[in-house]
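Taking it in order: structure first as structure tokens, then the write-up.
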């Protein structure tokens, strides 16, 4: 038993020493429709010339983990390589009736709800694998939600570095100050993933968080 | 005739020793004498409201406060992690899921399904990692409470 524990301890130290920087996993987390996939597409389009996720107005469009390996961003002679993980939106309630408004039939909506529930569980399971999390928030919505508070609390408990992307700044209702007030311990960058507004500042901040 | 503490508004029935010794909660020695009839009347005001009136009342108060009514009420479940309300309607206990608690689905009154595989995987992982976030955080909270 002692040998087993010692071996596991040595393995952890060894893994830590030789962990390649290229294997950094950057996870995009947040509520459904916060703009995680839009941001993922923006990042991969900017640096790889291709999109990685399907985007739609219907909540829970992303219901599986999407992984893009080897995303390389360059800034002022510096280089940062990471694996980008686009995750399904985290929700406390999933109701197929919400999808009926988007012209899905009842069967499709129920199937979507089932897959979305599975997606939430997957997102949560993957959190432990993340080296850094880009927490995507809809800046037009109330930041004090059970989902946001639970997620940010768990990131802090796991000592995972966090950068907050307050998305949808192109919309009138956007309120970055409210997000900054809600999470004062984290750096908040206001962006519009759809239009690409302020995205360079987000890349700069990523360099600082992932250094 | 019940007595209400002037300081903390705690009620004590007639003849309670607290009236002589002081309030249990705040130590206050001054009490209002409240007629039972008035308490019953006050209860009736809220109890007899119709569901519609209660909703309207809530809306009005939220309007006065200036907050948009948040329909997104927090989900707190029993020991299950996922409650299946009906096909296509789910409620998830994020706090327990983040703690790595087993996937227990509640299908209805007294009907549960436990995902044994995920439970074993989660236990195995916790043992391999040599720590449990859930227990760690619970212990921390407990020790903080004790400290206070």
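Chains as they are written, first to last, in the numbering used here: chain S, 22 to 232; chain X, 4 to 151.
Ideal Cβ placement from N, Cα and C applies to all residues, glycine included.
Bear in mind the structure is a predicted one, so any value in this text is a computation, not a measurement.
Residue i: contacting residues in chain X (beta-carbon distance under 8 Å)
{"i": "residue 167/S", "result": "75, 77, 78, 97"}
{"i": "residue 245/S", "result": "Residue 245/S lies beyond the stretch modelled for chain S, which goes from 22 to 232, so this question has no answer here."}
{"i": "residue 126/S", "result": "Simply none; closest approach about 12 Å."}
{"i": "residue 161/S", "result": "Near residue 161/S there are no residues of chain X at all, since even the closest Cβ is about 12 Å away, more than 8 Å."}
8 Å contact criterion, which residue i and residue j should meet: CB distance rounded
{"i": "residue 92/X", "j": "residue 116/S", "result": "5 Å"}
{"i": "residue 218/S", "j": "residue 179/S", "result": "Not really, about 31 Å apart at Cβ, beyond 8 Å."}
{"i": "residue 49/S", "j": "residue 60/S", "result": "6 Å"}
{"i": "residue 193/S", "j": "residue 160/S", "result": "Actually they are not in contact, since the Cβ atoms of residue 193/S and residue 160/S sit about 11 Å apart, beyond 8 Å."}
{"i": "residue 62/S", "j": "residue 72/S", "result": "4 Å"}
{"i": "residue 226/S", "j": "residue 208/S", "result": "6 Å"}
{"i": "residue 156/S", "j": "residue 173/S", "result": "7 Å"}
Under 7 Å from the C-beta of residue i: neighbouring residues of chain S
{"i": "residue 90/X", "result": "131"}
Cβ of residue i within 8 Å of any chain S Cβ
{"i": "residue 106/X", "result": "yes"}
{"i": "residue 43/X", "result": "no"}
{"i": "residue 85/X", "result": "yes"}
{"i": "residue 100/X", "result": "yes"}
{"i": "residue 19/X", "result": "no"}
Contact list for residue i against chain S, beta-carbon separation under 8 Å
{"i": "residue 82/X", "result": "Simply none; closest approach about 17 Å."}
Whole-angstrom distance between residue j and residue i, CA atom to CA atom
{"i": "residue 167/S", "j": "residue 221/S", "result": "30 Å"}
{"i": "residue 98/S", "j": "residue 83/X", "result": "51 Å"}
{"i": "residue 191/S", "j": "residue 81/S", "result": "22 Å"}
{"i": "residue 77/X", "j": "residue 158/S", "result": "18 Å"}
{"i": "residue 105/X", "j": "residue 96/S", "result": "43 Å"}
{"i": "residue 44/X", "j": "residue 57/S", "result": "54 Å"}
{"i": "residue 79/S", "j": "residue 121/S", "result": "10 Å"}
{"i": "residue 94/X", "j": "residue 114/S", "result": "4 Å"}
{"i": "residue 75/S", "j": "residue 107/S", "result": "11 Å"}
{"i": "residue 141/S", "j": "residue 200/S", "result": "23 Å"}
{"i": "residue 93/S", "j": "residue 232/S", "result": "14 Å"}
{"i": "residue 18/X", "j": "residue 47/X", "result": "25 Å"}
{"i": "residue 11/X", "j": "residue 103/S", "result": "57 Å"}
{"i": "residue 177/S", "j": "residue 9/X", "result": "43 Å"}
{"i": "residue 115/X", "j": "residue 25/X", "result": "50 Å"}
{"i": "residue 53/X", "j": "residue 65/X", "result": "18 Å"}
{"i": "residue 181/S", "j": "residue 110/X", "result": "35 Å"}
{"i": "residue 118/S", "j": "residue 68/X", "result": "31 Å"}
{"i": "residue 83/S", "j": "residue 39/X", "result": "59 Å"}
{"i": "residue 51/S", "j": "residue 203/S", "result": "15 Å"}
{"i": "residue 165/S", "j": "residue 110/S", "result": "16 Å"}
{"i": "residue 105/S", "j": "residue 138/S", "result": "22 Å"}
{"i": "residue 129/S", "j": "residue 89/X", "result": "15 Å"}
{"i": "residue 51/X", "j": "residue 34/X", "result": "29 Å"}
{"i": "residue 197/S", "j": "residue 205/S", "result": "12 Å"}
{"i": "residue 79/X", "j": "residue 163/S", "result": "20 Å"}
is_contact[residue i, chain X] using C-beta, thresh 8 Å
{"i": "residue 106/S", "result": "no"}
{"i": "residue 208/S", "result": "no"}
{"i": "residue 116/S", "result": "yes"}
{"i": "residue 183/S", "result": "no"}
{"i": "residue 142/S", "result": "yes"}
{"i": "residue 65/S", "result": "no"}
{"i": "residue 175/S", "result": "yes"}
{"i": "residue 145/S", "result": "yes"}
{"i": "residue 102/S", "result": "no"}
{"i": "residue 59/S", "result": "no"}
{"i": "residue 138/S", "result": "yes"}
{"i": "residue 190/S", "result": "no"}
{"i": "residue 40/S", "result": "Residue confidence is low: residue 40/S scores 47 on pLDDT, short of 50, so the model does not pin down where it sits. Its coordinate-derived value is still stated next. False, the Cβ-Cβ gap to chain X never drops below 8 Å."}
Exposure of residue i, with buried meaning 16 or more beta-carbon neighbours within 10 Å
{"i": "residue 131/S", "result": "buried"}
{"i": "residue 210/S", "result": "buried"}
{"i": "residue 99/X", "result": "buried"}
{"i": "residue 41/X", "result": "exposed"}
{"i": "residue 151/S", "result": "buried"}
{"i": "residue 77/S", "result": "exposed"}
{"i": "residue 29/X", "result": "exposed"}
{"i": "residue 126/S", "result": "exposed"}
{"i": "residue 213/S", "result": "buried"}
{"i": "residue 133/S", "result": "buried"}
{"i": "residue 53/S", "result": "buried"}
{"i": "residue 185/S", "result": "buried"}
{"i": "residue 85/X", "result": "buried"}
{"i": "residue 154/S", "result": "buried"}
Neighbouring residues, chain X, relative to residue i (Cβ below 9 Å)
{"i": "residue 134/S", "result": "90, 91, 92, 93"}
Proximal chain C residues relative to residue i, where beta-carbon distance stays under 9 Å
{"i": "residue 60/X", "result": "The structure shown contains no chain C; the protein chains it does contain are S and X."}
Amino acids of chain X, ordered along the chain, whose beta-carbon sits closer than 7 Å to that of residue i
{"i": "residue 83/S", "result": "Here the premise fails: no neighbours, minimum Cβ distance about 16 Å."}
Closer than 7 Å: residue i CB and nearest the ligand FMN heavy atom
{"i": "residue 96/S", "result": "As presented, the structure is devoid of all ligands, the ligand FMN included, so that no description of it is given."}
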